[in-house]
Amino acid sequence: MEKEELKKEYEEGKLVSFSDNFYEMKILSEESDLFTQITSHIKDTTTEIQKNDNSESYVLDLGGGKGNYGVYATKILKAKKLIVYDVSESLINLGKSLYGDSVEYVQAKFEEVFEKEKSRTFCYIFVKEAIHFSNKDFYYKLLNFCMTNLKGKLCVVGIPRLANWIETPPYPPSALTALNNLTLDVVDCFEIAKKELIAEESEKKVSNINLVYKNINYNTPFDEFSTLLLNRRWSFFTKCSDEELQSHLEKLKEKNSSLVEYNCTQGCFDCEFK
Ligand SMILES: C[S@@+](CC[C@H](N)C(=O)[O-])C[C@H]1O[C@@H](n2cnc3c(N)ncnc32)[C@H](O)[C@@H]1O
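Positions 905 to 1178 (the working numbering) are the ones given, in order, by the sequence shown.
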């Protein structure tokens, strides 16, 4: 499918996930605060890995959508190829229209990665805004996989539970509740890694287990924000009824009818595997 057709789907609200649409155009033009902050994070946290010869190892982007972050990582690490796992056909098609055969897209659940990728070695495994679709069982398997198939860095980026946001976002109450009821968030990933990888840390197989928070600033035109909510383009809004969304938007409009300004907190967890 061509980019124009995908853009039309986006405008008609047919693409379903958060990054399918709302931030799409800004991400493509690399102008969003989100893209800038996360790619800087990737760059700053891989300075040592960039010095390695990564020409025979791969980058893996799980739930990577079109794979634009993985593309960035693959380029700065000079890795062999990017492998993207995603269930969304439309995002994969968009990725193919942008990056062609330079990226290997696997339309599959990321739960299948351990079996499918057991014979490849990776220098960077990246999971952005997708870990909350999984659970602890998946994450333990991911850490085990990193022990055997990763020589480089694991990086999980995602929104934490609300207690770790610097300010409460302007989302309806049911969406905030959903945010607090995540089965697994980026802070869990950090804490589990700290606990589970202590032995490997002392053996020096694992190092630099870190978590930092980034605050991403959004100044979203009211109509765009309204479309995001009403089309439930972010999974958390699926918990909201039509009435709740409508009344929430009316309240927001009373405050400022042209712009919705807020900070979104993203956690970035990194861990290095030898
Ligand atoms: C919020 S988007 C993030 C996309 C991309 N990582 C980014 O940051 O631009 C979440 C992505 O996870 C994918 N996804 C959700 N559950 C998945 C699963 N079990 N296996 C593979 N992909 C999944 C969705 O299709 C979607 O592309």
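We put the beta carbon where it would ideally sit given N, CA and C, even for glycine.
Closer than 7 Å: residue i CB and nearest ligand 1 heavy atom
| i | result |
| --- | --- |
| residue 990 | yes |
| residue 1147 | no |
| residue 1079 | no |
| residue 1037 | yes |
| residue 995 | yes |
| residue 1033 | yes |
| residue 1045 | no |
| residue 1013 | yes |
| residue 973 | yes |
| residue 1056 | no |
| residue 1004 | no |
| residue 969 | yes |
Proximity to residue i [Cα-Cα], best of the options
| i | options | result |
| --- | --- | --- |
| residue 1175 | 1061, 1158, 1143 | 1061 |
| residue 969 | 1147, 1033, 995, 1105 | 995 |
| residue 1012 | 1067, 993, 1023 | 993 |
| residue 1157 | 1128, 1170, 1047, 1137 | 1128 |
| residue 1153 | 1131, 1172, 948, 1173 | 1131 |
| residue 1138 | 956, 1033, 940 | 1033 |
| residue 1014 | 1134, 940, 988 | 988 |
| residue 1036 | 1122, 1167, 1064 | 1064 |
| residue 1123 | 1100, 1102, 946, 1162 | 1162 |
| residue 1008 | 1018, 1098, 1096, 986 | 986 |
| residue 1054 | 971, 1002, 1100, 1028 | 1028 |
| residue 947 | 1178, 961, 979 | 979 |
| residue 1170 | 1121, 1159, 1081, 1140 | 1121 |
| residue 938 | 1099, 1093, 972 | 972 |
| residue 1021 | 1044, 1049, 1031 | 1049 |
| residue 944 | 1103, 1168, 1118, 1150 | 1118 |
| residue 965 | 951, 1010, 952 | 1010 |
| residue 1177 | 936, 950, 940 | 950 |
| residue 1019 | 997, 1030, 1069, 1052 | 1052 |
| residue 1066 | 936, 1082, 1133 | 1082 |
| residue 942 | 1016, 1101, 1116, 953 | 1116 |
Rounded distance between the beta-carbons of residue j and residue i, thought under 8 Å
| i | j | result |
| --- | --- | --- |
| residue 963 | residue 974 | 5 Å |
| residue 1091 | residue 1126 | That pair is no contact at about 31 Å. |
| residue 958 | residue 983 | 4 Å |
| residue 999 | residue 1026 | Contact flag wrong, Cβ pair sits at about 19 Å. |
| residue 1173 | residue 1084 | Contact flag wrong, Cβ pair sits at about 19 Å. |
| residue 1087 | residue 1080 | Their Cβ separation, rounded to whole angstroms, is 16 Å, which puts residue 1087 and residue 1080 out of contact at 8 Å. |
| residue 1097 | residue 1047 | 7 Å |
Residue-chain proximity (residue i, chain B), Cβ-Cβ < 8 Å
| i | result |
| --- | --- |
| residue 994 | Going by chain labels, chain B is absent from the structure shown, which holds only one protein chain. |
Check: Taking the runs of the beta strand (DSSP E) that are 3 residues or longer, which of them lie wholly in the region 1040–1073?
Finding: 1054–1062
Notebook entry, point to check: Just checking, does the region 1029–1043 make contact with the region 1101–1117 on the three C-beta pairs under 8 Å criterion?
Noted result: no
Check: Three or more beta-carbon pairs under 8 Å between the region 1141–1159 and the region 1075–1085, yes or no?
Finding: yes
Next item on the list: Could you name each continuous beta strand (DSSP E) segment of 3 residues or more that falls completely within the region 980–1041, going from the start of the chain to the end?
Entry: 986–990, 1007–1011, 1026–1032
Next item on the list: Please specify which runs of the alpha helix (DSSP H), each continuous and at least 4 residues long, are wholly inside the region 1114–1138, giving them in chain order.
Entry: 1126–1134
Next item on the list: Taking only runs that begin and end inside the region 933–966, name each unbroken alpha helix (DSSP H) of 4 or more residues, in chain order.
Entry: 937–949, 951–955
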